[in-house]
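Numbered according to the working numbering, the sequence shown spans residues 128 to 438. Note that beta-carbon positions come from the ideal geometry of N, C-alpha and C, so glycine has one too.
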Amino acid sequence: MEQELLKIASEALKKAALNEEAKNFVLQNEKLFKTLKKAANRYIGGETIAETVSAIKELNENGFAVTTDFMGESIRNEKEANEAAQEFVNFARTVKSENLNSSISLDLSHIGLLVSEDLTINNLKIICEEASKSNQEVIISMEGTDRTDMIIDIYKEVLKTHSNLGITLQAYLYRTKSDFEDLIRLSGSIRMVKGAYDTPKGLSIPRGEELDKIYLNYAEQLLAKNHKCAIASHDSKIHHKVIELIDKYSPTNYVLERLLGICNEELHTFKNQGYQCRIYVVYGKEWYLYLCNRWAEYPLNLFRGLADIVE
Ligand SMILES: Cc1cc2nc3c(=O)[nH]c(=O)nc-3n(C[C@H](O)[C@H](O)[C@H](O)COP(=O)(O)OP(=O)(O)OC[C@H]3O[C@@H](n4cnc5c(N)ncnc54)[C@H](O)[C@@H]3O)c2cc1C
């Protein structure tokens, strides 16, 4: 019964996230906007670079590395893709001038993937170039299965000239077995996630013990080889097992990674025990969609949202 209710809540929140009418209503209604923003604040660094800088500084001072993403995806015209790329460049410049410890994370569909491959490659190179001036990494997020091939191809192409590039792989996809074997031979860093998108039938392994085992197997290969990697999960069980692997192999090139506002207390504990931890900070004005997605993936977070609104 409880599981059924959580599933219904999750479906409803996914629909709310995609409902343009609901989104516009929220954004135009001052009271509703302010109320929901209180719940969103837990998950975002701010709406602008300036606001986000102070959030990053605080995390850095507390011993966390940070990776930062300017929220947005699925841009369908060149002008907006170029504007998003420019925002990432501005962010990279700020990291340098403010001496922050933050890499960049981005969706390729935010900087042109749905417009053209050439545009995306060009924008990605410009961002990597700027980021390299302060030794920052640029990590590509992984999107839906209709985009996986394009994302991997572009990653390989840009990695030839920009070594500060990394990619995210989704353990739930059957195809990841061969993508992983292929990409671990290259020098770029790999972020391992379980996978967030709905997929066509037969392409992915559902949540459960089998997926956890596969995820841990990828993590073990990365850690044993000391391949530069991020082990990104909110699953306490997974991170505890990964810590056993870190103790076994003593790698130096890893981070345990979580999104800002999600199970960060535990990451604090890991960091205090001496493990390298990174927090993924997002910023921008598209927080309504982001908030709905955080609630949809774990509807119990709605209660936290309620508490944040009331406080
Ligand atoms: C840094 C980072 C980057 C990511 N990048 C991508 C990407 O590029 N592409 C992509 O497809 N996915 C990405 N994801 C999402 C990822 O694929 C998973 O969907 C997400 O992390 C949930 O899976 P899980 O391993 O955390 O735990 P799950 O197997 O989903 O859940 C296990 C347990 O973890 C806890 N938990 C999980 N989620 C939450 C939550 N929101 N709030 C509170 N507790 C929770 C609960 O206790 C839950 O029972 C990213 C995740 C992180 C942390």
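Extent of the continuous beta strand (DSSP E) run through Ile317: 316–320
Endpoints, the beta strand (DSSP E) within which Glu384 is located: 381–386
Identity of the residue in Leu387, Phe307, Gly190, Ile358 nearest Tyr381 by Cα: Ile358
Distance cut-off 7 angstroms: Met277 Cβ against heavy atoms of ligand 1: no
Beta carbon of Phe191 nearer than 8 angstroms to that of Ile406: In contact: Phe191 and Ile406 (Cβ atoms closer than 8 angstroms).
8 angstroms contact criterion, which Ile267 and Leu313 should meet: CB distance rounded: The pair is not a contact, with the Cβ atoms about 13 angstroms apart (cut-off 8 angstroms).
From Tyr301, Glu214, Leu394, residue whose alpha carbon lies closest to that of Glu337: Tyr301
Glu371 classed as buried or exposed, judged by whether at least 16 other C-beta atoms fall within 10 angstroms: exposed
DSSP-derived helix/strand/coil call for Thr295: strand
Cα-Cα separation, Ser232 to Glu284: Take the alpha-carbon of Ser232 and the one of Glu284: they are about 18 angstroms apart.
Residues bridged to Gly173 (per DSSP): Tyr410
C-alpha distance - Met319 paired with Asn168, whole-angstrom precision: Their Cα atoms are separated by approximately 26 angstroms.
Euclidean distance between Cα positions of Gly335 and Tyr345: C-alpha separation (whole angstroms): 16 angstroms.
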